[in-house]
Structures are given as C-alpha cells and as structure tokens.
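In my numbering, the protein residues as written are 334 to 442. Working notes for the structure below.
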C-alpha cells in the first residue's frame with residue numbers, strides 16, 4: 334500500500350517543481366517576442382527579415398514606434414493593425430504588457 338501512495342506524491346512533487354518553470358518560460362518577454370514577432374520584426378526589431386520587408390513591418394526601434402504610448406502599443410499587439418495580425422487571443426494581457434516593455438528596450442540593445 335505504501336508503494337502505491339509514494340508514486341502520486343512523487344508526481345505531485347515533480348509537478349510542483351516543473352510547472353512554475355514552464356509558466357515562467359511562457360511569461361518571458363524575450364521568448365514571447367521570439368515566438369511571435371521575430372518572423373516579421375527580426376531579432377533586433379529592425380523589420381529587416383524577408384517577411385518583414387515584404388510586409389513593410391515597422392522598425393520597432395524607430396522613434397515612430399517608440400514615441401507611442403504603452404496603451405497604443407498594447408492595442409496594436411492585441412487587436413492588430415494593417416497587415417499585422419491580432420495577438421490578443423494568443424498572448425495573455427500581462428504578457429502583452431511585458432512584451433511592450435521588451436520592445437521599449439530594443440533601441441538600447
């Protein structure tokens with residue numbers, strides 16, 4: 334009987350260690366950017382990727398983008414604009430806010 338009870342306890346302990354790491358990884362703005370934005374905006378935010386050039390993706394480091402309010406950038410990411418698709422259903426609101434902060438750091442990298 335004790336052997337049977339140990340396995341569920343081991344699983345619970347393992348999950349309690351793994352789940353927070355996975356959740357943290359999903360909330361990592363660099364990973365969110367790499368997963369959702371790099372294809373068009375490039376790793377450096379320049380928009381110089383092949384698809385970015387074809388779609389005329391904004392240079393996220395530019396003054397035009399950087400001078401926009403956080404609320405405006407959140408709206409563009411969430412609802413989309415022009416050729417940029419909406420990511421509101423794919424990225425959690427807290428993560429969108431983190432992504433905006435990440436975008437703000439691109440000109441400094």
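Backbone N, C-alpha and C define an ideal beta-carbon position, used for all residues, glycine too. Note that this is a predicted model, so its numbers are computed, not measured.
Same chain, Cβ closer than 7 angstroms to residue i, five either side skipped, listed in chain order
i, result
"residue 375", "381, 382 and 385"
"residue 413", "419"
"residue 411", "419, 420, 421 and 429"
"residue 394", "378, 379, 439 and 440"
"residue 366", "432 and 435"
Residue closest to residue i, alpha-carbon to alpha-carbon, out of the options
i, options, result
"residue 282", "426, 398 and 414", "The structure shown has nothing for residue 282, since the chain only spans 334 to 442."
"residue 401", "441, 360 and 436", "436"
"residue 373", "433, 434, 416 and 432", "416"
"residue 404", "367, 426, 365 and 362", "426"
Neighbourhood of residue i by C-beta distance below 8 angstroms, restricted to the same chain and skipping five residues each side
i, result
"residue 423", "369"
As assigned by DSSP and simplified to three states, the class of residue i
i, result
"residue 393", "coil"
"residue 386", "helix"
"residue 400", "coil"
"residue 373", "helix"
Contacts around residue i, its chain only, beta-carbon distance under 6 angstroms, and the 5 residues preceding and following it disregarded
i, result
"residue 362", "431, 432 and 435"
Inside the stretch 408 to 440 only - beta strand (DSSP E) runs reaching at least 3 residues
Correct list: empty.
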